[in-house]
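Peer 1:
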Amino acid sequence: MSTEVTTLIDRARQALESYHDVVVDTDGALTFRHGDVPCAVQAMELAEGLTVLSLTCVVAWDLPDERDLAVSAAERAGQGLFGTLGVVHTERGMDVTLRYAAPAEGLALPALGTLLMLVVSTASQLRGELLGKAAEHSSTPGTGA
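Yeah, the sequence shown ends on 145 if you go by our numbering, and it's all consecutive.
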């Protein structure tokens with residue numbers, strides 16, 4: 001791992017520790033939970049002088065694989081400023097992630113913490129919305145959920 005990557009991931013850890021208990025994994029990635037949303041942060045050098053942080057939040061998993069719920073997630077994705085929403089269809093249902101990557105070198109720790117918390121807060125809000133819609137959908141007669 002380059003010095004820039006190591007420095008950036010260490011700064012991300014410091015910024016996040018103001019809000020969460022952070023675990024440093026053996027591969028250098030950071031993991032933490034924002035409420036019920038597991039999150040992971042990695043740093044990488046995309047090109048010389050361009051080191052970025054990548055944050056992935058697992059918003060929900062095993063949701064009913066229903067068209068209305070997928071459309072709702074897609075509509076919500078279009079409203080987001082912080083992150084790209086991903087929907088994966090599995091044999092157990094639908095999984096939803098929120099990913100965000102940005103150059104973060106040079107940000108002060110409070111600014112870096114604020115940026116990361118904007119993303120994870122969005123993920124938590126989205127989780128609440130999707131679980132609410134999934135619950136509504138499963139209580140509707142004839143939905144099969």
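Just so you know, even glycine gets a beta-carbon here, dropped at the ideal spot from N, CA and C.
(1) Who are the Cβ neighbours of PRO38 in its own chain at under 6 Å, not counting the five residues just before and after it?
(2) Measuring alpha carbon to alpha carbon, tell me which residue in GLN79, VAL71, LEU16, ASP36 is nearest VAL88.
(3) Apart from the five residues on each side of it in sequence, which residues of its chain come closer than 7 Å, Cβ to Cβ, to LEU126?
(4) Please confirm if the stretch 18 to 34 is in contact with the stretch 99 to 108, defined as three or more CB-CB distances below 8 Å between the two stretches.
(5) Entirely within the stretch 33 to 75 and at least 3 residues each: give me those beta strand (DSSP E) ranges in chain order.
(6) Give the C-beta separation of ARG13 and VAL24 to the nearest angstrom, bearing in mind that I take them to be a contact with Cβ-Cβ under 8 Å.
(7) DSSP state of GLU17, grouped into three classes?
(8) In the DSSP output, which residue or residues are listed as bridge partners for HIS89?
(9) For the alpha helix (DSSP H) containing SER138, name the first residue and the last one.
(10) Determine the closest residue to THR82 out of ALA123, THR90, LEU8, ALA43, with distance taken between C-alpha atoms.
Peer 2: Reading it off the structure:
(1) Taking the sequence shown and counting its residues from 1, one reaches residue 38 at position 38. Excluding sequence neighbours, PRO38 sits near VAL58.
(2) Indexing the sequence shown from 1 puts residue 88 at position 88. The candidate whose alpha carbon is nearest that of VAL88 is VAL71.
(3) Counting from 1 along the sequence shown, the entry for residue 126 is found at position 126. Setting aside the 5 residues that flank it on each side, LEU126 is surrounded in the same chain by VAL59, ARG76, LEU98, each with a C-beta closer than 7 Å to its C-beta; the list follows chain order.
(4) no
(5) 37 to 47, 50 to 63
(6) Walking along the sequence shown from the start, residue 13 turns up at place 13. Walking along the sequence shown from the start, residue 24 turns up at place 24. Contact flag correct, Cβ pair sits at about 7 Å.
(7) In the sequence shown, the residue the question calls residue 17 occupies position 17. In this structure, GLU17 counts as coil in the three-state DSSP scheme.
(8) Working through the sequence shown from its first residue, we reach residue 89 at position 89. For HIS89, which the question treats as bridged, DSSP gives the partners MET94.
(9) In the sequence shown, the residue the question calls residue 138 occupies position 138. Residues 109 to 138.
(10) Taking the sequence shown and counting its residues from 1, the one referred to as residue 82 is at position 82. In the sequence on display, residue 82 carries Phe and not Thr. Comparing Cα positions, the closest option is ALA123.
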